[in-house]
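Listed in order, the protein sequences are those of chains A and B.
Under my numbering, think of the first position of the first sequence as 176, with each following residue one higher.
Under my numbering, think of the first position of the second sequence as 20, with each following residue one higher.
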Amino acid sequence: MAKKCRVRNRIRELRFLAGEMTQQELAQRIGVTRQTVVAIEKEKYSPSLEVAFRIAAEFETPIGDVFTYDP
Amino acid sequence: MDLSHQEKSILGSLIVTLLVFFYYCSRVVGFATGAQELTIEALWPLVLSIVVIVIIVEIVAHIIIAALAGPAERDERDRLIDAMASRIAYLVLGVGAFIAVFHLVLTTMLGLVFAKPLLRDFWIVNILIFSITLAEVTKFLLQLFYYRRGV
């Protein structure tokens, strides 16, 4: 039933590399709810460009390293 | 099933809406079967009391949910899901409003305005109330669906 979006991401991996940052911590830092972080990680929701940039900035990496488009 | 605060809140609103609607229906059946005299004086207090009941019960339900699940937080995903569900609910409401107007025009044009114009008003009021309820229920169900499926 889950609708998979075509935007892939490495957020789970980047959270691990950032010292096992929790979903709640990331959510607070980028200004969304934990449920939204969960949905983005599960690729059930494509975030807005602004939130995508905030996530990339949080991990100090280019946005293209966090999100990729799978046509 | 792990439900988010928003999902619990929507589920609470859905249950309240359905319970109040069934209560309203049970009272309206009283009018329809003639158990209670159909007068405008009897109908409007019922409609107003339903509105007051919905407001009070919704407030109490949301206070309980907030106490159990913490304060509500909304972000862009919640707003998107709300907008997507509202768009469909608006269509449902629009169809209901159209049927109410169609009913009014048809009964007037065909000279079917009954000896009791109140009966026509009764049907129009109830078509609108049913449409509003159906639109709300549609919105809540779609929100729950979008939260589960993803958007």
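Idealized CB from N, CA, C, for every residue including glycine.
Rounded straight-line distance, which links the Cα of L129(B) to that of L30(B): 44 Å
Tell me, please, whether the CB atom of Y244(A) is closer than 8 Å to any CB atom in chain B? no
Go ahead and label S68(B) buried or exposed: buried means 16 or more other beta carbons lie within 10 angstroms of its beta carbon, across all protein chains shown. exposed
Beta-carbon neighbours of L98(B), restricted to chain A and to distances below 9 Å: Residue identity check: residue 98(B) is Arg in the sequence provided, not Leu. Going along chain A, no residue has its Cβ under 9 Å from R98(B), so there is no contact; the nearest lies around 10 Å.
Can you tell me the Cα-Cα spacing of I72(B) and I151(B), whole angstroms? 16 Å
So, with DSSP's three-state summary, where would you put Y244(A)? strand
Compare the Cα-Cα distances from S105(B) to each of R46(B), F40(B), L163(B) and K27(B) and report the closest residue. L163(B)
Would you say V250(A) reaches chain B, if we count a Cβ-Cβ gap shorter than 8 Å as a contact? Look at the range of chain A in this structure, 176 to 246, and you will see that residue 250(A) is not part of it.
Going by DSSP, what residues sit across from R183(A) in a beta bridge? T243(A)
Using three-state DSSP, classify G130(B) as helix, strand or coil. coil
Rounded Cβ spacing between A108(B) and E77(B) (contact assumed at less than 8 Å): Rounded, the Cβ-Cβ distance is 17 Å, inconsistent with contact.
Measure the Cβ-Cβ separation of T157(B) and V111(B) and say whether it is below 8 Å. yes
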